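Q:
Numbering (the working numbering), first residue to last: 332 to 1011.
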């Protein structure tokens, strides 16, 4: 007997015991189909282990061999959902349509599984039983269901084209008004209520993952004794048509502070360079910057600007084909940064065409953002808005990834993890949409690469936030400061009490940095970490022996600089500790992070010397230290850089067998360059 076909929002659902029956029961025609009213009851009453799902707006053809392949993958792997690439028929022509692999960061509600996939009934039932009933709206319900399933089961892509799809004929819509571009639809005003529902689902998912963060603190207010209070940053390559208008809108800004314009010319070949040279010659506060490297994306060009000596206290975005909407745009953005104070502020913009005429959906103000939950919801949506403005002191701690898509999203995720983001909801920026936009008319492969990259950013950010929450929970439980009353400390554990006081002090410093204290502690946790994995309190808790008096004295100078101890209680390997030390120091020690980034400009040359070869390195950052005087008198007068009292305040290390400290070299010549110092 033929099983009924059900409709659940945009999906048509049916079940079958095997691939032959699944092919025979494929829905045809336009229905009507039986609606799924109660998902819990529906899944409980299904007679088979797997449910086949198809987009109601598509015609899908999947033969028994291909269905057998999908079902075999589902059975063999225990996956919660199995999907595949497909072939698409467009205007009588067939083209392959690959899809992306699912990641933990694939939180966006528009993740594309393709118009046909297989769902595990057991996984769906388990998700409903464990986390409760699904929302009534079918589209919301499927989004919620697949996030829940992903917590316990894999969502697996088969990288093979296993079916063919074509669009069903539809009557053209007669609804008035223009159509919004697809990637702006989620911020269109008419979709605000839907977005709020999706945000609630995504936030619940982050809570289950342990990646939801509470509202973020303000940034630390820093002095502004810098010549240029703000810099307008314009990365540009081959924008002869639009760059002059962009710079003119920047020059027209009226502010109560001095500002300059940094145009980073990424080796333009269409005459853009000549235009920029002309502006720089006429206006002393317009700087035409040309990178040393030729492999930079937009993010790399931003790094050129923010690390330039010309960069001001604040850095404010202006794309080379966009315009500031009024002479007050720059002032408005800087005021938003100051008011928080915020590490980042984001304005609102209006979409216009090449002639400056408003186009749908018009104003993009990201009203879905809230102070309480915007930093969590950012993991679901595709972007944060424009224009973007930054506290340069904080931005330099992390820099931009050297890519030309998603570089702004990557920075926004990191900053929102630590700091409150300021918002401006009136339109102060014009975003021009035209055929030469970098995100216009993307191929399937290019769109997939873009989507995959942002999903990867979300995946990494989720892991970082999970780690952060674990650290904060650890600090909450271990930093309570509770003591046992009416019990005097014995002489044997006096050092333990001293160690606990030091640790309590460090926990206070950590909380200060988390609550918007010194921004140099951004993304670092506390600089003095005494109870990280792989550590013991042996060095602090052990009673000092007379024969070890000198060693204890040296250790006391560095006890608050131990990142970890080897060997430790949890047997973490030394290479793993060293790698963790490098990453921690990059976050907590700005000078070291800058030196590491400087390695990108180092030049190498390989020389053949008969039976062996030698690689030479020229590193401008090491030129001074490499040329230091080495005569006896100079060495005698020079403070020993290995002695604890002479080291940089933010340098910490790994205590190795109570005798040595492994340190990150402050002027590295390798990606992981260590110095080992004796404690005695």
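A virtual CB, placed ideally from N, CA and C, is assigned to each residue, including glycine.
Here the structure is a predicted model, which means the values were calculated and not measured.
Could you spell out where the alpha helix (DSSP H) holding residue 662 opens and where it closes?
A: Position 331 of the chain shown, counted from the first residue, corresponds to residue 662. 660-670 is the span of the alpha helix (DSSP H), which, as asked, contains residue 662.
Q: What did DSSP end up calling residue 742 once you bin it into helix, strand or coil?
A: Sequence index remark: in the chain shown, residue 742 carries index 411 (1-based). In the structure shown, residue 742 sits in a helix (DSSP, three-state: H, G or I).
Q: In angstroms, rounded to a whole number, what distance separates the CA positions of residue 274 and residue 979?
A: This structure gives no information on residue 274, because the portion of the chain shown stretches from 332 to 1011.
Q: For residue 886 and residue 953, what's the separation of their Cα atoms in angstroms?
A: Working through the chain shown from its first residue, we reach residue 886 at position 555. Working through the chain shown from its first residue, we reach residue 953 at position 622. With a pLDDT of 40 at residue 886, under the threshold of 50, the modelled position of that residue is not reliable, and the figure given next carries that caveat. One C-alpha to the other measures close to 30 Å.
Q: State yes or no: is the C-beta of residue 487 within less than 7 Å of the C-beta of residue 403?
A: Working through the chain shown from its first residue, we reach residue 487 at position 156. Working through the chain shown from its first residue, we reach residue 403 at position 72. Their beta carbons are not under 7 Å apart, which means residue 487 does not touch residue 403 by this criterion.
Q: With a threshold of 7 Å on Cβ separation, who are the neighbours of residue 543 within its own chain once the five nearest residues in sequence on each side are excluded?
A: As a position in the chain shown, residue 543 is number 212, starting the count at 1. So the list reads 534, 537, 707, once near-sequence residues are dropped.
Q: Would residue 531 count as contacting chain D if we go by Cβ distances under 7 Å?
A: Included in the structure is just one protein chain, with no chain D present.
Q: By how many angstroms is the C-alpha of residue 603 removed from the C-alpha of residue 738?
A: Stepping through the chain shown from its first residue, residue 738 is reached at position 407. Stepping through the chain shown from its first residue, residue 603 is reached at position 272. About 23 Å.
Q: Figure out for me which residue from 751, 584, 761, 400 has the closest Cα to the Cα of residue 449.
A: For this step, residue 449 is matched to residue 118 along the chain shown. Taking only the C-alpha atoms, the option nearest residue 449 is 400.
Q: Taking the straight line between their C-alpha atoms, what separation do you get for residue 547 and residue 796?
A: In the chain shown, the residue the question calls residue 547 occupies position 216. In the chain shown, the residue the question calls residue 796 occupies position 465. Approximately 13 Å between the Cα atoms of the pair.
Q: Looking at the secondary structure, which residues open and close the beta strand (DSSP E) in which residue 947 lies?
A: Reading the chain shown from its first residue, position 616 is the one you call residue 947. Here the beta strand (DSSP E) through residue 947 covers 943-949.
Q: Can you list, in chain order, the residues of its chain with a C-beta nearer than 7 Å to that of residue 1005? Leave out the 5 residues immediately preceding and following it.
A: In the chain shown, the residue the question calls residue 1005 occupies position 674. Correct list, in chain order: 909, 993, 994, 995, 996.
Q: Taking all protein chains shown into account, decide if residue 990 is buried (16 or more other Cβ within 10 angstroms of its Cβ) or exposed.
A: Along the chain shown, one-based indexing puts residue 990 at 659. Exposed: under 16 other Cβ atoms inside 10 Å.
Q: Among residues of its own chain, excluding the 5 on either side of residue 639, which ones have a beta-carbon nearer than 7 Å to its beta-carbon?
A: Here the question's residue 639 lines up with position 308 in the chain shown. For residue 639, where only same-chain residues beyond five positions count, the Cβ hits under 7 Å are 593, 620.
Q: Give me the Cα-Cα distance between residue 425 and residue 494, rounded to the nearest whole angstrom.
A: In the chain shown, residue 425 corresponds to position 94, counting from 1. In the chain shown, residue 494 corresponds to position 163, counting from 1. Cα to Cα, the separation comes out at about 12 Å.
Q: Using CA coordinates, which residue listed in 392, 437, 396 is at the minimum distance from residue 420?
A: Here the question's residue 420 lines up with position 89 in the chain shown. Cα-wise, what sits closest to residue 420 is 392.
Q: CA-CA distance, residue 688 and residue 729?
A: Looking up residue 688 in the chain shown gives position 357. Looking up residue 729 in the chain shown gives position 398. About 37 Å.
Q: Please list the terminal residues of the continuous alpha helix (DSSP H) segment that includes residue 598.
A: Here the question's residue 598 lines up with position 267 in the chain shown. Unbroken run through residue 598: none, as it is neither H nor E.
Q: Taking a contact to mean a Cβ-Cβ separation below 7 Å, would you say residue 678 touches residue 750 in this structure?
A: Along the chain shown, one-based indexing puts residue 678 at 347. Along the chain shown, one-based indexing puts residue 750 at 419. Cβ distance not < 7 Å, so residue 678 and residue 750 don't count as in contact.
Q: For residue 713 and residue 695, I'd like the C-alpha separation in whole angstroms.
A: Here the question's residue 713 lines up with position 382 in the chain shown. Here the question's residue 695 lines up with position 364 in the chain shown. Roughly 13 Å between the two C-alpha positions.
Q: Would you mind sorting residue 904 into buried or exposed? The rule is 16 or more other CB atoms within 10 Å of its CB.
A: The count along the chain shown starts at 1 and reaches residue 904 at position 573. So residue 904 ends up on the exposed side.
Q: With a Cβ-Cβ cutoff of 7 Å, do residue 395 and residue 347 count as a contact?
A: Start at 1 with the first residue of the chain shown, and residue 395 comes out as number 64. Start at 1 with the first residue of the chain shown, and residue 347 comes out as number 16. Taking 7 Å as the Cβ cut-off, residue 395 and residue 347 do not qualify as a contacting pair.
Q: Check the C-beta distance from residue 633 over to residue 567 and give it rounded, since I have them as a contact under 8 Å.
A: Along the chain shown, one-based indexing puts residue 633 at 302. Along the chain shown, one-based indexing puts residue 567 at 236. The pair is not a contact, with the Cβ atoms about 12 Å apart (cut-off 8 Å).
Q: Could you tell me if residue 464 is buried or exposed, where buried requires 16 or more neighbouring beta carbons within 10 angstroms of its beta carbon?
A: One-based indexing of the chain shown puts residue 464 at position 133. Classification of residue 464: exposed, given that the 10 Å Cβ count is below 16.
Q: Is residue 944 buried or exposed, if buried means 16 or more other CB atoms sit within 10 Å of its CB?
A: Within the chain shown, numbered from 1, the residue matching residue 944 stands at position 613. Residue 944 comes out exposed.
Q: When the Cα of residue 720 is compared with those of 754, 698, 733, 693, which residue comes out closest?
A: Within the chain shown, numbered from 1, the residue matching residue 720 stands at position 389. Checked all of 754, 698, 733, 693; the closest Cα to residue 720 is 754.
Q: For residue 720, which residues does DSSP report across the bridge?
A: Here residue 720 is taken as the residue at index 389 of the chain shown, counted from 1. Its beta-bridge partners are 647, 676.
Q: Give the C-beta separation of residue 643 and residue 572 to the nearest angstrom, bearing in mind that I take them to be a contact with Cβ-Cβ under 8 Å.
A: In the chain shown, the residue the question calls residue 643 occupies position 312. In the chain shown, the residue the question calls residue 572 occupies position 241. For residue 643 against residue 572, the beta-carbon gap comes to about 28 Å, at or over 8 Å, which does not count as contact.
Q: Report the three-state DSSP secondary structure of residue 498 (helix, strand or coil).
A: The residue you call residue 498 lines up with position 167 of the chain shown. Residue 498: strand per DSSP, three-state reduction.
Q: On the DSSP bridge assignment, give the partners of residue 358 in chain order.
A: Locating residue 358 in the chain shown gives position 27, counting from the first residue. According to DSSP, which records beta bridges pairwise, residue 358 is partnered with nothing at all.
Q: Look at residue 462 and residue 439 and say whether their C-beta atoms are less than 7 Å apart.
A: Counting from 1 along the chain shown, the entry for residue 462 is found at position 131. Counting from 1 along the chain shown, the entry for residue 439 is found at position 108. No.
Q: Using a threshold of 6 Å, is the CB atom of residue 604 nearer than that to any non-hydrogen atom of the ligand COA?
A: Among the components modelled here there is no ligand, and therefore nothing to report on the ligand COA.
Q: Alpha carbon to alpha carbon, how far is residue 609 from residue 601?
A: Counted from its first residue, the chain shown places residue 609 at position 278. Counted from its first residue, the chain shown places residue 601 at position 270. Each residue's Cα considered, the two are about 15 Å apart.
Q: Report yes if the C-beta distance between residue 781 and residue 736 is below 7 Å; otherwise report no.
A: In the chain shown, counting from the first residue as 1, residue 781 sits at position 450. In the chain shown, counting from the first residue as 1, residue 736 sits at position 405. Against a cut-off of 7 Å, the Cβ pair of residue 736 and residue 781 comes out as a contact.
Q: Tell whether a beta-carbon distance below 7 Å holds between residue 758 and residue 655.
A: The residue labelled residue 758 in the question sits at position 427 within the chain shown. The residue labelled residue 655 in the question sits at position 324 within the chain shown. Taking 7 Å as the Cβ cut-off, residue 758 and residue 655 do not qualify as a contacting pair.
Q: At what residue ranges does the stretch 724-804 contain a whole run of the alpha helix (DSSP H), taking only runs of 4 or more?
A: 738-749
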